[in-house]
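Structure first, then comments.
In the numbering used here, the protein residues as written are 220 to 665.
Printed below as a string of structure tokens:
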């Protein structure tokens, strides 16, 4: 079964009702799903244009669904999904993009065997994969370019082993780290690892010798309840699920030249995205979300953590952290600079974002996007993601504007005037569900 069935490109000017600052520039890439298709938007604030691409992947999803049915009983499906197709679409989700020097865009997918290649200028869609059809391997969701060679850095994990773990419980998996030229012709294996999860991110450190790899497991240690009717109607049924806690996740440091790696457990729950500092190249920040997924909902298990750490001379160390009261998080963070100061901005579910001074990890602004009731501090919280609730966060080229994107809206926050506005209508297809980190292609920071 082919990876790509067909693709549809479109381009539109900004809607006439959009009134945005003239000094807001950047090319923001948004990825997700629309009517069971991959769907991508490239928003160019300088050119005031919205390019889009929708990719039909029915054949690939069919092959992946069939493989899942052969290797898992329905009561073993991850995330309490009700069908193999639902599981497949959990895996075939755009997750994070990067832009190559020739303008092609490469998008890591959540847990399937390929990365998506898009050339908006040529209206071309391709893929990065070991084969031109489905294979039972899981590619990492967030990947990097080698700082020395420009090669695409990614991992592959054995899918059969991963599915078996859904049925029997956590076990170590065979994962491999690769470097691939951007003509997609000559992959080089850099390392073999034993991991607890299909690897999530492959991050090139500022020191070109080292890569940092993360896991991002959305499973708890206890299977979610699956009663007849509404699975969330009786909170008491979820007590054992909560008490069992979240599955452990590791972080890895790999020396590219030797293939040697070291691993350690991340104490905070559900670590995922990592970014290196703009002021201290040895320092990084890791989002730890403390959440799981079941019955189509993200489930908060408590407050989130932004974990700081360092990579110095081949040693990865976890250090201080940012964990204020009532910080609940579903997605990533962004490091940026404005007027000579270095900051971190974090989205806070469901209606806030924090701006943190990097040097002290002190919150300098806690901003509200819209009114919403507070999240209960005890027990699980089952998230309902409405169209105006932003998941993804980025910053403008000049650092003045913080951008938050929901399935329907783009929020623009002005650092200088502490003012907020929003516009509607970027997702002109309708029915769009964002699944990917925002990426400002004009930001070349690491």
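Ideal Cβ positions, reconstructed from N, Cα and C, are used throughout, including at glycine.
query: Endpoints, beta strand (DSSP E) assigned at residue 375; result: 371 to 377
query: At least 3 beta-carbon pairs within less than 8 Å: the region 506 to 513 vs the region 488 to 497; result: yes
query: Any 3 or more C-beta pairs closer than 8 Å across the region 641 to 652 and the region 252 to 270; result: yes
query: Beta strand (DSSP E) runs contained entirely in the region 331 to 371, provided each spans 3 or more residues; result: 334 to 338, 343 to 347, 356 to 358
query: With 16 other Cβ atoms within 10 Å as the buried cut-off, status of residue 334; result: buried
query: Where residue 578 falls: helix, strand or coil (DSSP); result: coil
query: CB-CB length for residue 438 against residue 463, believed under 8 Å; result: Between residue 463 and residue 438 the Cβ distance is about 10 Å, and since that is not below 8 Å, they are no contact.
query: Per-residue DSSP class, three states only, for residue 288; result: helix
query: Three-state secondary structure assigned by DSSP to residue 643; result: strand
query: Whole-Å CB distance - residue 622 paired with residue 642, under 8 Å assumed; result: Not a contact, Cβ separation roughly 11 Å.
query: Whole-Å CB distance - residue 480 paired with residue 244, under 8 Å assumed; result: Incorrect: roughly 39 Å between the Cβ atoms, too far for contact.
query: Residue 282 (DSSP reduced to helix, strand or coil); result: helix
query: Rounded distance between the beta-carbons of residue 344 and residue 371, thought under 8 Å; result: Incorrect: roughly 17 Å between the Cβ atoms, too far for contact.
query: Cβ contact (3+ pairs, closer than 8 Å) linking the region 585 to 592 and the region 552 to 559; result: no
query: Reference residue 279, options 256, 637, 496, 656, closest by Cα; result: 256
query: Nearest candidate by alpha-carbon position, reference residue 476, set 427, 225, 299, 402; result: 427
query: Boundaries (first-last residue) of the beta strand (DSSP E) holding residue 668; result: Outside the shown range of the chain (220 to 665) lies residue 668, about which nothing can therefore be said.
query: Whole-angstrom C-beta distance between residue 586 and residue 547, which should lie under 8 Å; result: Not a contact, Cβ separation roughly 15 Å.
query: Residue 277 (DSSP reduced to helix, strand or coil); result: helix
query: Euclidean distance between Cα positions of residue 247 and residue 624; result: 10 Å
query: Three-way DSSP call (helix, strand, coil) for residue 635 in this model; result: coil
query: Beta-carbon proximity check, residue 460 vs residue 443, cutoff 7 Å; result: yes
query: Top-ranked residue by Cα proximity to residue 474, from 449, 532, 323; result: 532
query: The region 323 to 341 / the region 305 to 312 touching (three or more Cβ pairs under 8 Å); result: yes
query: Member of 377, 386, 385 whose CA lies at the smallest distance from the CA of residue 392; result: 377
query: Sub-7 Å separation of residue 541 and residue 580 beta-carbons; result: yes
query: Cβ neighbours of residue 232 in the same chain (closer than 8 Å, five flanking residues each side left out); result: 267, 268, 269
query: Residue interval of the beta strand (DSSP E) (run including residue 298); result: No beta strand (DSSP E) contains residue 298, which DSSP labels as neither H nor E.
query: DSSP beta-bridge partners of residue 659; result: 247
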